[in-house]
Each structure stands twice: as structure tokens, then as C-alpha cells.
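Taking it in order: structure first as C-alpha cells, then the write-up.
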Amino acid sequence: AEDECADVTALKQARHKKERGTTMVECPPAVHDAAHDAVQAVALIVALHAEPRVEAVQANCEALSLACVGSGALACREAAAAVGAMEAVVSAMQTRSEAEGVQAMGCKAIANLCAGTDEAARARKQRAVEAGAVEACVAAMRAHPHAEGVQARGCAALRNVCAGTDSDGLARKERAAEAGALEVIVAAMRFHAHEARVQERACDVLASMFNGYGAAPRARRRRASEAGAIAAVTAAMRVHSQHDGVREHGMRALDRITQTAEPEVCAIASEQLAFATTTRTLEEHEDYV
Numbered sequence: 001a002e003d004e005c006a007d008v009t010a011l012k013q014a015r016h017k018k019e020r021g022t023t024m025v026e027c028p029p030a031v032h033d034a035a036h037d038a039v040q041a042v043a044l045i046v047a048l049h050a051e052p053r054v055e056a057v058q059a060n061c062e063a064l065s066l067a068c069v070g071s072g073a074l075a076c077r078e079a080a081a082a083v084g085a086m087e088a089v090v091s092a093m094q095t096r097s098e099a100e101g102v103q104a105m106g107c108k109a110i111a112n113l114c115a116g117t118d119e120a121a122r123a124r125k126q127r128a129v130e131a132g133a134v135e136a137c138v139a140a141m142r143a144h145p146h147a148e149g150v151q152a153r154g155c156a157a158l159r160n161v162c163a164g165t166d167s168d169g170l171a172r173k174e175r176a177a178e179a180g181a182l183e184v185i186v187a188a189m190r191f192h193a194h195e196a197r198v199q200e201r202a203c204d205v206l207a208s209m210f211n212g213y214g215a216a217p218r219a220r221r222r223r224a225s226e227a228g229a230i231a232a233v234t235a236a237m238r239v240h241s242q243h244d245g246v247r248e249h250g251m252r253a254l255d256r257i258t259q260t261a262e263p264e265v266c267a268i269a270s271e272q273l274a275f276a277t278t279t280r281t282l283e284e285h286e287d288y289v
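Just so we're aligned: the sequence shown equals residues 1 to 289 in full-length UniProt numbering.
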């Protein structure tokens, strides 16, 4: 199964998917069938601990991530988490920080392990954050700024780990902000301005991070604004004006950054949002000019 999950052609065919409000990476059917077995997930965790070679660690993280999507994924996520998947993946990322492939596949594994919105999923998100997943993902994005795969998957992982509007979810968002997540997300958008996958996931995680009321969410919005989030989101919507995902999440991010924000932040966001909307209208009618 490890060889099948590491197939390069299959990975190139991977599709971005939304499942119940979480960002996921869906693998092709052939890989789906080979990977969906909770017993295999447990074996992969054992392999992560036993095999130190970078190539093997990358392949095992990748295989684990693919096992956590599709039919049987819920059982696989639970089985993997129960035997220490979060801790194993985070440890692999921390000890191989220079390995781009390990960082990308580690972020991907965390994203898919933390997918879902039910009680079990919330417990997995909490276990991930307690294992240091937030800091590991931020460190990966900071260490590999030019790696599109690390940036896109890092955004997806942060989105899933930090999802939730209960007290634990809001605490996870705050921990991510304190770790520097907002700054690395905006940096990813600047470095990869023409990569729709990065822009979509970055806008999505920013919108999630801006959620909530009170002093802490307001501080996150201001911090993001100071990091250049408003300009980055607007630029993404302008460059990818025909991409529904970028526009949807971008509009949501700009809308949320104005919620209970300071007047100057609201003014900037409103101006940028109006400009993006006008730009889209002109583009839609360019054939008639």
C-alpha cells in the first residue's frame, strides 16, 4: 500500500475537496481502495516510528493522509489518532525540518486526520494542537516559503486544526495566531500569487481565523490587517477572479475582518472589497467593450 500511496501520477490527480466545512485532499479511486483500512493506519504509525529514512517517513505520512479520506476514513482517523498519529507526524516534522517532502506530507496528514466536525473530530483537533501540530505547520511554512505544496497543505492543516467556534476552537485559533500563523499565511499568498490552490486555502483559513467576537478575535483581525491580509486577499480575488473558491473564501475573509473591527480596518476592507467587486463586474463584461 505504501508504494501505491506514493505513486506520483496518482498524487498529481489528487483533487481538492470540501467535507463538512473542512479542507481535505481527495486521492484517486485506485489509491482510495488500497488505503482505507484502519489496521493499515495503525501499521503506518508503527512504521513512522521504526523507519528513520527521510524518503520512508515522507511516504508513510503520505500514505496515512490518503488513508484518512473516502470510505472508511472515519474509522481510520480514529484508529490512527488512538495509537499516536498526531504525535508521530509532528515528531517527524520537527526532526526533519529541512525535508520539504516530509513537511508537505506531514501537513497533509494533519489536515486529513483533523477533518470533520463531530465530537470525535473535535477531540482529534484538540489532540493535534496539544501535540504541537499548529507550531509544526507554521514552522514548515516558514522554513519552505517557496514550496507551493508545503504552503497549500500548511494552510489546509491550520484550517482543519483550528476549525470550531466553541471555547476550544477559539483557543486553537488564538494559539495559531500566537505561533505566527497569520503572518506565514499572508506570506504564502504573496509568494504564490498565481497559485489558485494556495490562494483558496489561505483565504479559507483566514476567514476561519477571523471568526468570533470579543477582544481576542478583534486582535487577530488587527494583526492580520497589519500583516497585509486585506491587500493579499484582494489581490487573490483580482488575479483569480474566475475561480469560485478564491472569490467565495476571499469575500468571506474580507467580510469577517470588518466584524467588530476598528473603524480604520473596516474602511480599508470595505474599499478593497468594493474595488474587487467592481473589477469582477468589468471583467465579466469585457467582451462588450
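Built from N, CA and C at the ideal position, the CB exists for glycine as well.
{"Item": "My output table needs one value for Gln-103: the three-state DSSP class, helix, strand or coil.", "Value": "helix"}
{"Item": "Can the beta-carbon of Met-237 be found closer than 8 Å to that of Gly-250?", "Value": "yes"}
{"Item": "Within 10 Å of its beta-carbon, does Val-31 have 16 or more other beta-carbons around it, so buried, or fewer, so exposed?", "Value": "Because Val-31 sits at a pLDDT of 42, beneath the cut-off of 50, its placement in the model cannot be relied upon, and the following sentence gives the value as read from the coordinates. Buried: at least 16 other Cβ atoms inside 10 Å."}
{"Item": "Are the stretch 193–205 and the stretch 144–156 touching, with three or more C-beta to C-beta distances below 8 Å?", "Value": "yes"}
{"Item": "Mapping the DSSP letters down to three states, classify Asp-168 as helix, strand or coil.", "Value": "helix"}
{"Item": "Buried or exposed for Thr-258, going by 16 or more other Cβ atoms inside 10 Å?", "Value": "buried"}
{"Item": "On the CB-based measure, 16 or more other CB atoms within 10 Å of its CB, does Gln-103 come out buried or exposed?", "Value": "buried"}
{"Item": "Look up Asp-118 in the DSSP assignment and say whether it is helix, strand or coil.", "Value": "coil"}
{"Item": "What residue range is occupied by the uninterrupted alpha helix (DSSP H) comprising Arg-53?", "Value": "Unbroken run through Arg-53: none, as it is neither H nor E."}
{"Item": "So, are the CB atoms of Ala-188 and Val-198 less than 8 Å apart?", "Value": "yes"}
{"Item": "Tell me whether Gln-242 is buried or exposed, calling it buried when 16 or more other Cβ atoms sit within 10 Å of its Cβ.", "Value": "exposed"}
{"Item": "Assuming Ala-80 and Leu-113 make a contact with CB atoms under 8 Å, what is their CB distance in whole Å?", "Value": "6 Å"}
{"Item": "If we call anything under 8 Å between Cβ atoms a contact, is Val-138 one with Ala-109?", "Value": "no"}
{"Item": "By the 10 Å Cβ neighbour count, where 16 or more other Cβ atoms means buried, how is Ser-65 classified, buried or exposed?", "Value": "buried"}
{"Item": "Starting from Glu-78 and walking both ways along the alpha helix (DSSP H), at which residues does that stretch end?", "Value": "73–82"}
{"Item": "Could you please give the first and the last residue of the uninterrupted alpha helix (DSSP H) stretch that includes Val-246?", "Value": "244–257"}
{"Item": "Compute the Euclidean distance between the alpha carbons of Leu-254 and Arg-172, then round it to the nearest angstrom.", "Value": "21 Å"}
{"Item": "When the Cα of Ala-177 is compared with those of Gly-84, Asp-166 and Phe-210, which residue comes out closest?", "Value": "Phe-210"}
{"Item": "To the nearest angstrom, how far is it from the Cα of Ala-196 to the Cα of Val-246?", "Value": "7 Å"}
{"Item": "Between which residues of its own chain and Leu-170 is the CB-CB distance below 6 Å, once the five residues before and five after are set aside?", "Value": "Gly-212"}
{"Item": "Using 8 Å as the threshold, is the stretch 55–72 in touch with the stretch 119–134, meaning 3 or more CB pairs across them?", "Value": "no"}
{"Item": "Grab me the residues of Gln-58's own chain with a C-beta within less than 6 Å of its C-beta, minus the 5 sequence neighbours each way, in chain order.", "Value": "Gly-101, Val-102 and Met-105"}
{"Item": "Have a look at Arg-222 and Ala-232 and give me their C-alpha separation to the nearest angstrom.", "Value": "14 Å"}
{"Item": "Check whether the Cβ atoms of Gln-151 and His-192 sit closer than 8 Å, and answer yes or no.", "Value": "yes"}
{"Item": "Under 6 Å Cβ to Cβ from Glu-135, same chain only, skipping five residues before and after it: list those, please.", "Value": "Ala-179"}
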